[in-house]
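Peer 1: So that we are looking at the same thing, I have put the structure below in structure tokens.
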Amino acid sequence: ALRVNGVLKTLYLNDNKIGDEGAKAIGEALEVNGVLTELNLAHNSIDDTGAEALASALRVNGVLKTLYLNDNKIGDEGAKAIGGALADNGVLKTLNIGYNKIGDQGAAAIAE
Numbered sequence: 022a023l024r025v026n027g028v029l030k031t032l033y034l035n036d037n038k039i040g041d042e043g044a045k046a047i048g049e050a051l052e053v054n055g056v057l058t059e060l061n062l063a064h065n066s067i068d069d070t071g072a073e074a075l076a077s078a079l080r081v082n083g084v085l086k087t088l089y090l091n092d093n094k095i096g097d098e099g100a101k102a103i104g105g106a107l108a109d110n111g112v113l114k115t116l117n118i119g120y121n122k123i124g125d126q127g128a129a130a131i132a133e
């Protein structure tokens, strides 16, 4: 539904334990969705694999402005993928990625 939805601008899916499989599905939908501007995926047991899928979507999505990924299980590899995607994404203005398992390398990748 998210792939073809043309009106939904805000989606809160926090606290649902969607995990990596759910994050992958949402990432695939975000690659073609042209209206969603705010997405909350906090508290969902997403780790590096899910973060990498979402990062792929961020590289091509041109409308998402706010993304909450706080309180998941994202580590350095996921943070590196997101950091790389941010270099290609010119519209994301707010990223909450606190309370994950990100170390110095992941933080540096996001900061770059």
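For the sequence shown, this note's numbering assigns the number 22 to the initial residue and increments by one for each residue that follows. For each residue, glycine too, the CB sits at the ideal point set by N, CA and C.
From Ile134 to Val53, what distance separates their C-alpha atoms?
Peer 2: Any answer about residue 134 is impossible in this case: the structure gives the chain only from 22 up to 133.
Peer 1: Within 10 angstroms of the Cβ of Asn37, are there 16 or more other Cβ atoms? Answer buried if so, exposed if not.
Peer 2: In the sequence shown, counting from the first residue as 1, residue 37 sits at position 16. Classification for Asn37: exposed.
Peer 1: Please classify Asp125: is it buried, with 16 or more other beta-carbons within 10 angstroms of its beta-carbon, or exposed?
Peer 2: Within the sequence shown, residue 125 is the residue found at index 104, counting from 1. Per the 10 Å Cβ criterion, exposed.
Peer 1: At what residues does the alpha helix (DSSP H) containing Glu59 begin and finish?
Peer 2: In the sequence shown, the residue the question calls residue 59 occupies position 38. Unbroken run through Glu59 is the beta strand (DSSP E), 59-61; no alpha helix (DSSP H).
Peer 1: State yes or no: is the C-beta of Leu62 within less than 8 Å of the C-beta of Ala74?
Peer 2: Counted from its first residue, the sequence shown places residue 62 at position 41. Counted from its first residue, the sequence shown places residue 74 at position 53. Using a Cβ distance threshold of 8 Å, Leu62 and Ala74 do not count as a contacting pair.
Peer 1: Give the straight-line distance between the Cα atoms of Ala106 and Arg24, rounded to the nearest whole angstrom.
Peer 2: What you label residue 106 is simply residue 85 of the sequence shown in a count that begins at 1. What you label residue 24 is simply residue 3 of the sequence shown in a count that begins at 1. Distance between the alpha carbons of Ala106 and Arg24 is about 20 Å.
Peer 1: Can you check which of these residues, Thr58, Gly119, Thr115, is closest to Asn93 by C-alpha distance?
Peer 2: Looking up residue 93 in the sequence shown gives position 72. The option with the nearest alpha carbon to Asn93 is Gly119.
Peer 1: May I ask you to report which of helix, strand or coil DSSP gives Leu15?
Peer 2: Nothing can be reported for residue 15: it is not among the residues displayed for the chain, which extend from 22 to 133.
Peer 1: Does the beta-carbon of Ala22 have 16 or more other beta-carbons within 10 angstroms, so that it is buried, or is it exposed?
Peer 2: To locate residue 22, count along the sequence shown from 1; it is residue 1. It is exposed - the Cβ of Ala22 has fewer than 16 other Cβ atoms within 10 Å.
Peer 1: Throw me the rounded Cβ distance for the Ile95 and Lys122 pair, which I believe falls under 8 Å.
Peer 2: Along the sequence shown, one-based indexing puts residue 95 at 74. Along the sequence shown, one-based indexing puts residue 122 at 101. So it is a contact: roughly 6 Å between Cβ atoms.
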